[in-house]
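Student: Residue numbers (our numbering): 442 to 556. Okay, handing you the structure first.
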Amino acid sequence: QVQLVESGGGLVQAGGSLRLSCVASGSIIRFTTMHWYQQSPGKQRELVTAITSGGYTTYGDSVKGRFTISRDNAKNTVYLQMNSLKPEDTAVYYCHTSRGAAEIWGQGTQVTVSS
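Right, here's the structure in full:
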């Protein structure tokens with residue numbers, strides 16, 4: 442059973458930076474696409490960014506130029522570097538992947554950006 446564990450969230454002022462980490466319990470990340478989602482209060486979970494096994498990345502329009510996803514296969518870890526944070530980035534951030542028919546989510550990490 443693959444598990445994903447996020448960390449790195451916290452409280453930061455607008456304009457600041459945070460780096461989130463997502464550690465997988467197995468060596469799955471090198472073989473699959475990994476995603477970061479955000480969920481703000483009262484809103485649906487939304488895709489922020491993704492990285493394929495080949496290293497191709499995509500970003501949502503609201504985070505382009507500010508967020509960077511990366512992957513360290515040796516550490517079974519995916520990162521989300523968040524710069525120039527805005528109050529509207531406040532959300533719980535979830536790491537996600539799929540394995541066959543199974544959807545695998547982490548427990549989430551809270552990011553709060555104060556104005």
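Backbone N, C-alpha and C fix where the C-beta goes; we use that ideal spot for every residue, glycine too.
Cα separation between Leu461 and Asp530?
Tutor: 13 Å
Student: DSSP state of Arg471, grouped into three classes?
Tutor: helix
Student: Note down, in chain order, each residue of its chain lying with its Cβ closer than 6 Å to the Cβ of Gly501, except the 5 sequence neighbours on either side.
Tutor: Val489
Student: So who's on the other strand from Ser511, going by DSSP bridges?
Tutor: Tyr520
Student: Tell me the residue span of the beta strand (DSSP E) that contains Gln548.
Tutor: Taken as a continuous stretch (DSSP letters only), Gln548 belongs to no beta strand (DSSP E), as it is neither H nor E.
Student: Looking at Leu445: is its Cβ nearer than 8 Å to the Cβ of Leu526?
Tutor: no
Student: Are Leu452 and Thr553 closer than 8 Å when you measure CB to CB?
Tutor: yes
Student: Could you tell me if Gly450 is buried or exposed, where buried requires 16 or more neighbouring beta carbons within 10 angstroms of its beta carbon?
Tutor: buried
Student: Please classify Phe472: is it buried, with 16 or more other beta-carbons within 10 angstroms of its beta-carbon, or exposed?
Tutor: exposed
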